[in-house]
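Which chain is which? The protein sequence lines are A and B, in order. Residue numbers for the first sequence, in this note's numbering: 37 to 146. Residue numbers for the second sequence, in this note's numbering: 37 to 146. Take a look at the structure below.
Protein chains: 2
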Amino acid sequence: MAKHDPLGDVFAALADPTRRIVIHRLGAGPASVGELAADVPITLPSFMKHVRALEESGLITTSKTGRVRTCVLDRDRLALVDDWLAEERRLWEGRTDRLERLVTDPREHA
Amino acid sequence: MAKHDPLGDVFAALADPTRRIVIHRLGAGPASVGELAADVPITLPSFMKHVRALEESGLITTSKTGRVRTCVLDRDRLALVDDWLAEERRLWEGRTDRLERLVTDPREHA
DNA sequence: GTCATGCTTAGCCATGTGGCGAAGTATCGC
DNA sequence: GCGATACTTCGCCACATGGCTAAGCATGAC
């Protein structure tokens, strides 16, 4: 849909419960595709699609050693969400603060 | 997809750029469907789908007065994301802290 | 070499999503 | 009442998503 929308890709990746389970598990440290797949009741090929989706969103990185592919969580990517949230809050809190000030302390103005 | 997955619904809602624009705009205060639609280059019926998606995710509430439907942001719903993020971070930071402590301060003091 | 293991690729399918135009309904302003 | 305004409903369509089975390929164990 969107051509270059990193934040959107991250949100889309997090929208799926299966993928949030993976993120959660990877929070405890790297794991192989097989280990991760054991936590969900779907077939491996289906599971691999989720892994690829997570990798394309940038939330995880993977690398293959021998026949085992290991997945690692990229926390910086999760920070993208945090930043967006913080920015939105900053904007509407700025506005709220001004209203608050007028209500709670009329002397305090700009 | 998921039967009852509030967090997933919120993430899915935020995955679309159009809907993030709406959220952003509503951060500045309530607005009518028409006002909101003016910010994006799609037809009204298409836009309405986004409004409904946002409402079903719980991120906004809407009410109709006369022929105008007014949308309001529900910040508590956004907090759902914040909470999830905080919880995940709490988990893996707990682990990291323990490692950090061993590396940076073997004596383990306050 | 042979067999098990651990992905990986290649279809296929049902459903969901996001866009459209056309036409309908319910106020509001005059 | 009549026209403009502000949605709203109704198909319809292309493509994305998430699941499956079956078969393939590379590596590790023996």
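We treat Cβ as the ideally placed atom computed from N, Cα and C, and that holds for glycine.
Residue-chain proximity (residue i, chain A), Cβ-Cβ < 8 Å
i: residue 87 of chain B; result: no
i: residue 63 of chain B; result: yes
i: residue 114 of chain B; result: yes
i: residue 71 of chain B; result: no
Chain B within 8 Å of residue i, Cβ atoms only
i: residue 47 of chain A; result: yes
i: residue 67 of chain A; result: no
i: residue 52 of chain A; result: yes
i: residue 110 of chain A; result: no
Contact check, residue i vs residue j, beta carbons under 8 Å
i: residue 109 of chain A; j: residue 63 of chain A; result: yes
i: residue 107 of chain A; j: residue 72 of chain A; result: yes
i: residue 44 of chain A; j: residue 118 of chain B; result: no
i: residue 105 of chain A; j: residue 68 of chain A; result: yes
i: residue 124 of chain A; j: residue 60 of chain B; result: yes
Own chain, CB closer than 7 Å to residue i, minus 5 neighbours either side, in chain order
i: residue 76 of chain A; result: 54, 57 and 83
i: residue 100 of chain A; result: none
For residue i, the first and last residue of its enclosing beta strand (DSSP E)
i: residue 105 of chain B; result: 104 to 109
Own chain residues within Cβ distance below 8 Å of residue i, not counting five before or after
i: residue 46 of chain B; result: 93, 94, 95, 113, 114, 116 and 117
i: residue 97 of chain A; result: 91, 107, 108 and 110
i: residue 120 of chain B; result: 43
Residue i CB to nearest heavy atom of the ligand PLP below 7 Å
i: residue 105 of chain B; result: No copy of the ligand PLP occurs in the structure displayed, which carries no ligand at all.
### Task
Would you be able to state if there are at least three C-beta pairs under 8 Å between the region 71 to 90 of chain B and the region 80 to 96 of chain A?
The region 80 to 96 of chain A makes no contact with the region 71 to 90 of chain B; the number of CB pairs closer than 8 Å stays below 3.
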